[in-house]
Ligand code: BG6
Ligand code: MG
């Protein structure tokens, strides 16, 4: 349920993977390799459920899908997660600004020109590297450091910190997400949520767009007021 009016909004708290850029595909690709290696079944549901989830929690979900959570020591789990990250970073290394999703650069400029504040609430420890590759670092002077979080998405902590970094109250912020866990996090933080992607998966979002190219201030205002 939308609590805020569009005119109350002063800032945007952005997810990164799957919203600003197509890295969610790279995360999935790299996790799929891990699932195959340990012999856990890969499915569309698992793939969607992993979106927004931290590295170690993602590994636990994959192992659980194969009923394998007790088959690995903590050290072996760290090794598997490290291997995934190495494979993921190989894909990130090839990225350029061409990997920015449609309309995002224009939307970031619209936000900036409109005087809105901006922060990043990505669960990814690789977010600064990805922003560099996309040449978008200058847009995000405020980034929540996932290392400081006690709980990942769907807990509200990350979106609350995103608002705090730009000195706004949650009700003055819009959070932008492609993951169900992320939308839940935004809603629990008391911010207005935008869900980008499949509306049946992101049914709890206050505002829905099937594609990033539809996200403009005018289209958001239309769905909020
Ligand atoms: C999220 C992604 O943004 O970051 C997840 O949606 C990923 O797929 C998570 O697992 C953690 O990323 P990283 O880069 O720290 O392993
Ligand atoms: Mg995401």
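In the working numbering, the protein residues as written are 98 to 322. Glycine included, every Cβ here is placed at the ideal spot set by N, Cα and C. All of these numbers come straight from a predicted model, not from anything done at the bench.
Thinking C-alpha only, which one of the options is nearest residue i?
i, options, result
"residue 275", "256, 287 and 308", "308"
"residue 151", "221, 171 and 131", "221"
"residue 218", "172, 310 and 249", "249"
"residue 106", "284, 278, 285 and 267", "267"
"residue 205", "322, 153 and 113", "113"
"residue 190", "226, 164 and 168", "226"
"residue 131", "240, 235 and 162", "162"
"residue 269", "213, 158, 184 and 223", "213"
"residue 145", "158, 316 and 135", "158"
"residue 228", "119, 102 and 108", "119"
If you follow the alpha helix (DSSP H) that residue i is part of, which residue opens it and which one closes it?
i, result
"residue 122", "120 to 135"
"residue 291", "Residue 291 -> not in any alpha helix (DSSP H); beta strand (DSSP E) instead, spanning 289 to 293."
"residue 106", "First-last for residue 106: undefined, no H or E at that position."
"residue 142", "141 to 147"
"residue 302", "That residue, residue 302, is in no alpha helix (DSSP H); it is neither H nor E in DSSP."
"residue 317", "314 to 321"
What's the C-alpha gap between residue i and residue j?
i, j, result
"residue 216", "residue 265", "11 Å"
"residue 138", "residue 160", "9 Å"
"residue 100", "residue 195", "36 Å"
"residue 211", "residue 245", "30 Å"
"residue 207", "residue 253", "27 Å"
"residue 199", "residue 318", "20 Å"
"residue 310", "residue 292", "13 Å"
"residue 201", "residue 312", "8 Å"
"residue 169", "residue 251", "26 Å"
"residue 283", "residue 263", "16 Å"
"residue 303", "residue 321", "8 Å"
"residue 133", "residue 289", "38 Å"
"residue 277", "residue 123", "18 Å"
"residue 242", "residue 257", "12 Å"
"residue 239", "residue 261", "10 Å"
"residue 235", "residue 164", "44 Å"
"residue 180", "residue 167", "19 Å"
"residue 316", "residue 271", "13 Å"
From what residue to what residue does the beta strand (DSSP E) around residue i run?
i, result
"residue 164", "Residue 164 -> no beta strand (DSSP E), and no H or E assigned at all."
"residue 115", "Run containing residue 115: none; DSSP gives neither H nor E here."
How many whole angstroms separate the CB atoms of residue i and residue j, which I take to be in contact at a CB cut-off of 8 Å?
i, j, result
"residue 325", "residue 121", "Nothing can be reported for residue 325: it is not among the residues displayed for the chain, which extend from 98 to 322."
"residue 110", "residue 259", "4 Å"
"residue 197", "residue 231", "5 Å"
"residue 280", "residue 301", "5 Å"
"residue 156", "residue 174", "6 Å"
"residue 127", "residue 153", "About 14 Å separates the two Cβ atoms, so there is no contact after all."
"residue 305", "residue 299", "6 Å"
Is there a C-beta anywhere in chain B that falls below 8 Å from the one on residue i?
i, result
"residue 305", "Of the protein chains in this structure there is only one, and it is not chain B."
- Query: Mind pulling the beta strand (DSSP E) runs of 3 or more residues that sit fully within the region 202 to 282?
  - Reply: 214 to 217 and 270 to 274
- Please go through the region 170 to 202 and give each complete alpha helix (DSSP H) segment of 4 or more residues, from N-terminal end onward. 171 to 190
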